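Numbering (the numbering used here), first residue to last: 14 to 371.
Note that CB positions come from ideal geometry on N, CA and C, so glycine has one too.
Fair warning: this is a prediction, and the values are worked out from it, not measured in the lab.
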């Protein structure tokens with residue numbers, strides 16, 4: 014008798030990601046066999062050559078102790094030995110609750126009991142920039158980046174589910190920041206594709222069920238139920254209200270919207286990258302007439318890229334900033350310079366758009 018369907022689902026999702034990682038490390042063919050993993054030992058999947066095979070990659074799982082990340086850790090621990098992959102774990106202590114250090118120590122112990130090695134706990138100091146949720150996220154990713162580099166990890170697995178994706182899309186919609194904000198979280202992101210999200214096609218209940226049938230203890234973060242946090246209100250009030258009004262399937266539809274939006278945004282970004290070289294003069298300045306001729310979605314991307322290159326922080330550059338720069342192109346009435354984050358200034362001079370610091 015095979016594993017419970019929920020356990021089978023999480024293992025399959027992780028197996029696919031690990032196969033991708035091995036392919037990237039030139040350890041397996043691109044085509045993935047549907048035969049059981051035990052029928053193809055790692056040594057048989059190495060490319061035949063006179064060269065010594067590269068060392069097996071290390072994959073870390075970011076684990077808070079919650080159901081999603083514990084399910085992910087269990088699936089990684091189960092699948093990685095079959096593929097000759099080293100597997101470890103990292104938990105981040107945000108220090109935002111009493112006893113958080115003890116909770117992190119418990120997570121470390123659970124990860125070690127699963128057979129993961131190395132396992133680390135990293136304490137961080139959460140700042141205030143961007144609000145509590147954004148500050149905690151920034152501190153967490155900085156810690157994960159540092160841990161991955163210290164251990165030489167090929168990837169860090171994150172336990173975001175389809176439900177998390179739906180929430181992210183709604184939050185982006187509320188900000189009104191354009192199609193990129195509707196594209197949610199990417200399955201692969203970070204420097205060099207460091208972060209992988211195997212569960213974006215699985216719902217939160219599947220991960221929780223997998224933990225339950227495997228008798229894995231999980232910790233429910235009280236912040237996830239605290240109405241002081243925007244995502245918590247959306248999770249417990251907003252999405253249920255939408256499902257009541259529109260019927261079931263809202264989460265799946267929002268996740269599908271994220272993928273479609275990401276495909277469109279990627280295509281537009283590529284177009285803007287190619288178009289940028291055609292709208293600059295010999296001195297490298299942006300020509301307003303040529304910018305005006307571009308489709309608005311492409312032009313605004315060119316303007317955003319130029320502002321970031323000039324020193325404007327990407328996280329502080331909002332749609333309203335780009336709209337103000339765009340009016341220098343499309344609604345020129347002799348208006349003055351536009352002040353942007355990072356002490357960057359955009360102004361129109363002699364038919365050219367000049368964006369620079371100071």
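CB contact flag (residue i, residue j, <9 angstroms)
i	j	result
residue 309	residue 339	yes
residue 325	residue 355	yes
residue 330	residue 317	yes
residue 227	residue 77	no
residue 223	residue 17	yes
residue 180	residue 248	yes
residue 198	residue 164	no
residue 342	residue 361	yes
residue 263	residue 255	yes
residue 311	residue 281	yes
residue 105	residue 117	yes
residue 27	residue 211	yes
Rounded Cβ spacing between residue i and residue j (contact assumed at less than 8 angstroms)
i	j	result
residue 170	residue 75	7 angstroms
residue 157	residue 267	That belief does not hold up - the Cβ atoms of residue 157 and residue 267 are roughly 26 angstroms apart, past 8 angstroms.
residue 275	residue 202	That belief does not hold up - the Cβ atoms of residue 275 and residue 202 are roughly 11 angstroms apart, past 8 angstroms.
residue 73	residue 97	Their Cβ separation, rounded to whole angstroms, is 16 angstroms, which puts residue 73 and residue 97 out of contact at 8 angstroms.
residue 148	residue 137	Incorrect: roughly 10 angstroms between the Cβ atoms, too far for contact.
residue 90	residue 100	6 angstroms
residue 344	residue 358	With 8 angstroms as the limit, residue 344 and residue 358 do not qualify as a contact, their Cβ atoms being about 18 angstroms apart.
Backbone secondary structure at residue i - three-state DSSP
i	result
residue 85	helix
residue 312	helix
residue 98	coil
residue 369	strand
residue 104	strand
residue 77	coil
residue 133	strand
residue 359	strand
residue 27	helix
residue 22	helix
residue 72	strand
residue 353	strand
residue 139	coil
residue 209	strand
residue 111	coil
Assigned exposure category for residue i - 16 Cβ within 10 Å defines buried
i	result
residue 33	buried
residue 7	As shown, the chain starts at 14 and ends at 371. That puts residue 7 outside it, with no answer to give.
residue 47	For residue 47, the predicted structure reports a pLDDT of 48, less than 50, and the residue's modelled location is therefore unreliable. A value from the coordinates is still provided. Looking at its Cβ environment, which holds fewer than 16 other Cβ atoms inside 10 Å, residue 47 is exposed.
residue 162	exposed
residue 111	exposed
residue 41	Bear in mind that a pLDDT of 42 at residue 41, under 50, signals an unreliable position, so the model cannot answer this.
residue 92	buried
residue 314	buried
residue 178	buried
residue 286	exposed
residue 191	buried
residue 304	buried
residue 327	exposed
residue 260	exposed
residue 322	exposed
residue 43	In this prediction, residue 43 has a pLDDT of 40, which is less than 50 and means its spatial position is unreliable; what the coordinates show is noted afterwards. Exposed, since its Cβ has fewer than 16 Cβ neighbours within 10 Å.
residue 52	The pLDDT assigned to residue 52 is 49, lower than 50, so where the model puts this residue is not dependable; a value taken from the coordinates is nonetheless given after this. It counts as exposed.
residue 56	Note that residue 56 scores a pLDDT of 45, beneath 50, so its modelled location is shaky; the value from the coordinates is reported in the next line. Residue 56 is exposed by the Cβ-count criterion.
residue 250	exposed
residue 185	buried
residue 289	buried
Can you list the beta strand (DSSP E) stretches of 3 or more residues lying completely in the stretch 245-307, in chain order?
none
Return the chain-ordered ranges of every beta strand (DSSP E) run that is complete within the stretch 146-207 and spans a minimum of 3 residues.
168-170
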